[in-house]
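Heads up: the structure comes next, in structure tokens.
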Amino acid sequence: MQGPLQPGVYRFKLGGFEIATILDSKSVREGVHPLYGANASAGEVEALARANNIDPARLEHPNVPTLVNTGKELVLFDTGNGALPREYEQLKTRMPAGNLIARLAELGHKPEDIDVIVTTHGHPDHIGGLTEGGQPVFKNARYVFGATEYDFWQKNEGVREARKFNRELFVKICTPLADRATFIKPGDQVAAGITAVDAFGHSPGLMAFHIESDGKRFMITADTFTHFVMGVQRPDWFFDMDDDKDKAVATRKRILDMLATDRLMVASFHMPFPSLGWIDRAQGGYRWVPHSYQLNL
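First residue of the sequence shown: 1, per the UniProt record's numbering; consecutive thereafter.
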């Protein structure tokens, strides 16, 4: 017996763009509560899990960067875990090493082919692949950071205790890249057809991104919601890893409403691979509708 096997890349067309989602890594987390729904009872959270055929004792947590080929530039959104578990003893049992470089090779790309790297926010599973052994992995890329996010980690004001090590990682990994970086705010364009959207809350300056090509629209939501049931059906439930829980709830509700209203396809970093779907309104809330074959046609 060899165990489960799943693909690691999925590619599709959006107007004149080509987009790929990439399974960098995945881990299993123990217990749905209080990771989700600390402001609800364990019974409520576990009941919702069971109603959606999820084991309340264990959760799969994938990490899925997105690559956008505009025809002029290769734009990579987030870099996954990278070599962090090999380089930091305290991370060895907490996160698996990333497979981004091998997955890019499956798509026919080398690290030096990447033109732009957009960091949606500064948590380890999004910045870990930027460097290895202290050296940039993507040697020809320019970097894009949200100004609010970058300033938060640099200033070290209001960083909660659980994020102190995260802050050390951010400074060590991201600060040396600043001379090749652009710092953006909501509404700014990363490239033609790619616009930053305020998704503050999960982290102080989390950015989502609106993608448009030839009239076709798409959203990269990063960690706005982080589970296809808990974060979507009950956006008012706290997620333990949200840095500002009340703001994260407000942001989830705003973004989910926009996605449902505009019927936008979504790439979401922690959704089940290939991490693509739509948001529908359901029973006074929302539900995740996963991509099946629509993008293959």
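The beta-carbon is built from N, C-alpha and C at its ideal position, and this holds for glycine as well.
Quick one: Cα of alanine 105 to Cα of leucine 14, how far?
In the sequence shown, the residue the question calls residue 105 occupies position 105. In the sequence shown, the residue the question calls residue 14 occupies position 14. Our two residues, alanine 105 and leucine 14, have alpha carbons roughly 21 Å apart in a direct line.
Report all residues from its chain with a CB closer than 8 Å to the CB of arginine 163; omit the five preceding and five following residues, and keep chain order.
Here residue 163 refers to the residue found at position 163 of the sequence shown. Only Asp243 meet the Cβ criterion.
Indicate whether the contact test is met: 3 or more Cβ pairs, each with one atom in the region 114-122 and one in the region 85-97, closer than 8 Å.
The region 114-122 vs the region 85-97: no contact.
Would a C-beta distance cut-off of 7 Å place leucine 256 and proline 272 closer than the cut-off?
Translated into positions along the sequence shown, residue 256 becomes position 256. Translated into positions along the sequence shown, residue 272 becomes position 272. Cβ atoms of leucine 256 and proline 272: not closer than 7 Å.
Contact set for residue 298: own chain, Cβ-Cβ below 7 Å, skip 5 residues either direction:
The question about residue 298 has no answer here: the residues shown for the chain are numbered 1 through 297.
Quick one: residues in its chain with C-beta nearer than 8 Å to the C-beta of valine 229, no 5 flanking neighbours on either side, listed in chain order?
Translated into the one-based positions of the sequence shown, residue 229 becomes position 229. Here the set comprises Leu48, Ala49, Asn52, Ile54, Trp288.
CA-to-CA distance, methionine 265 to leucine 259, given in whole angstroms
The residue you call residue 259 lines up with position 259 of the sequence shown. The residue you call residue 265 lines up with position 265 of the sequence shown. Rounded to whole angstroms, the separation of the alpha carbons of methionine 265 and leucine 259 is 8 Å.
For aspartate 214 and arginine 103, I'd like the C-alpha separation in whole angstroms.
On the sequence shown, residue 214 is found 214 positions in, with the first residue counted as 1. On the sequence shown, residue 103 is found 103 positions in, with the first residue counted as 1. C-alpha separation (whole angstroms): 28 Å.
Own chain partners of glycine 133 with C-beta closer than 8 Å, once the 5 adjacent residues on each side are dropped:
Here residue 133 is taken as the residue at index 133 of the sequence shown, counted from 1. Taking glycine 133 as the centre and dropping the five residues before and after it, the same chain places the C-beta of Ala83, Glu87 closer than 8 Å to its C-beta, in chain order.
State the start and end residues of the unbroken beta strand (DSSP E) segment that holds aspartate 280.
In the sequence shown, the residue the question calls residue 280 occupies position 280. 276-282 is the span of the beta strand (DSSP E), which, as asked, contains aspartate 280.
Within a Cβ cutoff of 6 Å, which residues of the same chain sit near aspartate 198, ignoring the five residues on either side of it in sequence?
For the purposes of this step, residue 198 is taken as residue 198 along the sequence shown, with counting starting at 1. Around aspartate 198: Pro186.
Would DSSP call proline 136 helix, strand or coil?
Here residue 136 is taken as the residue at index 136 of the sequence shown, counted from 1. Strand at proline 136.
Helix, strand or coil for residue 369, going by three-state DSSP, please let me know.
This structure cannot speak to residue 369, because the chain is shown only from 1 to 297.
Does the Cβ-Cβ distance between threonine 70 and alanine 267 come in under 7 Å?
To locate residue 70, count along the sequence shown from 1; it is residue 70. To locate residue 267, count along the sequence shown from 1; it is residue 267. In this structure, the beta-carbon distance from threonine 70 to alanine 267 does not fall below 7 Å.
Tell me valine 249's beta-bridge partners as DSSP assigns them.
Counting from 1 along the sequence shown, the entry for residue 249 is found at position 249. None, per the DSSP bridge assignment.
With distance defined between alpha-carbon atoms, name the residue in Leu177, Val28, Gly108, Gly31 nearest to leucine 67.
Within the sequence shown, numbered from 1, the residue matching residue 67 stands at position 67. If we check each option's Cα against that of leucine 67, Gly108 comes out closest.
Using the DSSP secondary-structure output, state which residues sit across from methionine 95 in a beta bridge.
Translated into positions along the sequence shown, residue 95 becomes position 95. BP columns for methionine 95 are empty, so no partner.
Taking only the alpha-carbon atoms, compute the straight-line gap between serine 27 and leucine 297 and give it to the nearest angstrom.
For the purposes of this step, residue 27 is identified with residue 27 of the sequence shown, where counting begins at 1. For the purposes of this step, residue 297 is identified with residue 297 of the sequence shown, where counting begins at 1. In this structure, the straight-line span from the alpha carbon of serine 27 to that of leucine 297 is close to 32 Å.
DSSP three-state assignment for tryptophan 153, whether helix, strand or coil:
Translated into positions along the sequence shown, residue 153 becomes position 153. In this structure, tryptophan 153 counts as helix in the three-state DSSP scheme.
Please classify aspartate 240: is it buried, with 16 or more other beta-carbons within 10 angstroms of its beta-carbon, or exposed?
What you label residue 240 is simply residue 240 of the sequence shown in a count that begins at 1. With fewer than 16 other beta carbons inside 10 angstroms of its own, aspartate 240 counts as exposed.
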